[in-house]
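Encoded as structure tokens, the structure appears first; notes follow it.
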Amino acid sequence: MRLLMLRHGQTPANVAGALDTGAPGPGLTALGQSQAEAVPGALSDLSIDALMISPLVRTSLTATPLSRALSMEPQTLEGIREVEAGDLEMRTDGASHRAYLETVFSWGRGRLNQQMPGGDDGHAFFDRFDRSIAQIADAGWQRVVMVSHGAAIRCWASARVAGVDIDTVERTPLANTGLVEIEGDPRSGWRLVNWSTTPVGGAHLTAPAADDPTGDTIENA
Numbered sequence: 001m002r003l004l005m006l007r008h009g010q011t012p013a014n015v016a017g018a019l020d021t022g023a024p025g026p027g028l029t030a031l032g033q034s035q036a037e038a039v040p041g042a043l044s045d046l047s048i049d050a051l052m053i054s055p056l057v058r059t060s061l062t063a064t065p066l067s068r069a070l071s072m073e074p075q076t077l078e079g080i081r082e083v084e085a086g087d088l089e090m091r092t093d094g095a096s097h098r099a100y101l102e103t104v105f106s107w108g109r110g111r112l113n114q115q116m117p118g119g120d121d122g123h124a125f126f127d128r129f130d131r132s133i134a135q136i137a138d139a140g141w142q143r144v145v146m147v148s149h150g151a152a153i154r155c156w157a158s159a160r161v162a163g164v165d166i167d168t169v170e171r172t173p174l175a176n177t178g179l180v181e182i183e184g185d186p187r188s189g190w191r192l193v194n195w196s197t198t199p200v201g202g203a204h205l206t207a208p209a210a211d212d213p214t215g216d217t218i219e220n221a
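Take 1 as the starting number for the sequence shown in full-length UniProt numbering and just add one per residue.
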């Protein structure tokens, strides 16, 4: 099967540089709404069997234009929510951003006992994300769009998808409505088809100067 992992549109927290990972979370900015509205056109040549979102509001709002275009109700998967920031929640300082991203990418490198300050370790993250991916694969669909989150997508793909170089991922931001397309299944494994770091609707929808911690690099934190 093909799984298209789409990061949600821009939020006020992305602009403010806040580690806003809790539920229900913020909505979209005007730019985020424009990014979401561009998704159906960008994916119009694909036959999509299902649309998945996380419990956080920003994924639902991002999926709404595509849902309408496809006449398809999105399904919510608890396990694809963002990596929770624990004690770093709502922090905007660079040290907190670095601590968050260093933890996320340590999980991507297999150091699963590393714990987010005041939060989960890597075992808990992969347990819930893997379960949700398995649910998608077991449904028998051929092509699924999954609207998820910047840190979660990058962490999971770094550990689970052949062809993903974590050193490159660490140095490359994933923009709002950036897309990671993979092929395979949990049993035989996943391989990378395409990694689009810019918004699927076009580079003109890239945020000009947002301090966006969950989609950013450790170097920029």
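Note that beta-carbon positions come from the ideal geometry of N, C-alpha and C, so glycine has one too.
- Message: Looking at the secondary structure, which residues open and close the beta strand (DSSP E) in which residue 164 lies?
- Response: As a working note, residue 164 is residue 164 in the sequence shown. Counting along the chain, residue 164 falls outside any beta strand (DSSP E), and DSSP gives it neither H nor E.
- Residue from 163, 73, 130, 23 with nearest C-alpha to residue 145: In the sequence shown, counting from the first residue as 1, residue 145 sits at position 145. When only C-alpha atoms are compared, the closest one is 73.
- Inspect the CB distances between the region 184-194 and the region 35-49 and report whether three or more fall short of 8 angstroms. no
- Item | Alpha-carbon to alpha-carbon, residue 82 and residue 93 | As a working mapping, residue 93 is identified with position 93 in the sequence shown. As a working mapping, residue 82 is identified with position 82 in the sequence shown. Each residue's Cα considered, the two are about 19 angstroms apart.
- Item | N- and C-terminal bounds of the beta strand (DSSP E) containing residue 108 | By one-based count along the sequence shown, residue 108 stands at place 108. Premise fails: residue 108 lies in the alpha helix (DSSP H), 94-108, not in any beta strand (DSSP E).
- Tell me whether residue 121 sits in a helix, a strand or coil according to DSSP, three-state version. Along the sequence shown, read from residue 1 onward, the residue named residue 121 stands at position 121. Strand.
- Item | Residues that DSSP places opposite residue 52 in a beta bridge | Taking the first residue of the sequence shown as 1, we reach residue 52 at position 52. According to DSSP, which records beta bridges pairwise, residue 52 is partnered with 75, 146.
- Item | Under the three-state DSSP convention, the category residue 14 falls into | The count along the sequence shown starts at 1 and reaches residue 14 at position 14. Helix, per DSSP.
- Query: Looking at C-beta atoms only, is the number of pairs between the region 56-70 and the region 19-34 that lie closer than 8 angstroms three or more?
  - Reply: yes
- Query: In chain order, what residues of the same chain have a beta carbon less than 7 angstroms from the beta carbon of residue 121, not counting five sequence neighbours either side?
  - Reply: Working through the sequence shown from its first residue, we reach residue 121 at position 121. Counting only Cβ-Cβ distances below 7 angstroms, and skipping sequence neighbours, we find 112, 113, 114, 115.
- How would you label residue 176, buried or exposed, when you count the other beta carbons within 10 angstroms and need 16 or more for buried? Here the question's residue 176 lines up with position 176 in the sequence shown. Buried: at least 16 other Cβ atoms inside 10 Å.
- Beta carbon of residue 7, beta carbon of residue 28: below 8 angstroms? By 1-based counting over the sequence shown, the position of residue 7 is 7. By 1-based counting over the sequence shown, the position of residue 28 is 28. Cβ atoms of residue 7 and residue 28: not closer than 8 angstroms.
- Alpha-carbon to alpha-carbon, residue 207 and residue 55: Your numbering for residue 55 matches position 55 in the sequence shown. Your numbering for residue 207 matches position 207 in the sequence shown. Spanning the two alpha carbons is a distance of roughly 24 angstroms.
- Task: On the DSSP bridge assignment, give the partners of residue 115 in chain order.
- Result: In the sequence shown, residue 115 corresponds to position 115, counting from 1. Its beta-bridge partners are 121.
- Task: Give the DSSP bridge partners of residue 191, in chain order.
- Result: For the purposes of this step, residue 191 is taken as the residue at position 191 of the sequence shown. Beta-bridge pairing links residue 191 to 162, 183.
- Mark residue 163 as exposed unless 16 or more other C-beta atoms lie within 10 angstroms of its C-beta, in which case mark it buried. Numbered from its first residue, the sequence shown carries residue 163 at position 163. So residue 163 ends up on the exposed side.
- Contact the region 192-205 vs the region 138-154: 3+ CB pairs below 8 angstroms: no
- Task: With DSSP collapsed to three states, give me the class of residue 66.
- Result: The count along the sequence shown starts at 1 and reaches residue 66 at position 66. Three-state DSSP puts residue 66 in a helix.
- Looking only at its own chain, which residues have a Cβ that is under 7 angstroms from the Cβ of residue 170, when we skip the five neighbours before and after it? The residue given as residue 170 occupies position 170 in the sequence shown. Closer than 7 angstroms at Cβ, skipping near neighbours: 105, 217, 218.
- Message: Strictly under 8 angstroms for the Cβ-Cβ distance: is residue 55 near chain C by that measure?
- Response: Protein chain content of the structure displayed is limited to a single chain, and chain C is not contained in it.
- Query: What does a CB cutoff of less than 8 angstroms around residue 123 pick up in its chain, not counting 5 residues either side in sequence?
  - Reply: Counting from one through the sequence shown, the residue named residue 123 turns up at place 123. The answer, listed in chain order, is 112, 113.
- Whole-angstrom distance between residue 61 and residue 159, CA atom to CA atom: For the purposes of this step, residue 159 is identified with residue 159 of the sequence shown, where counting begins at 1. For the purposes of this step, residue 61 is identified with residue 61 of the sequence shown, where counting begins at 1. Using only the alpha carbons, I get a separation of about 28 angstroms.
- Residues that residue 3 bridges to, as DSSP identifies them: To locate residue 3, count along the sequence shown from 1; it is residue 3. Answer by DSSP bridge pairing, in chain order: 144, 182.
- Just how far apart, CA to CA, sit residue 10 and residue 132? The sequence position of residue 10 within the sequence shown is 10, counting from 1. The sequence position of residue 132 within the sequence shown is 132, counting from 1. So the two alpha carbons sit approximately 24 angstroms from each other.
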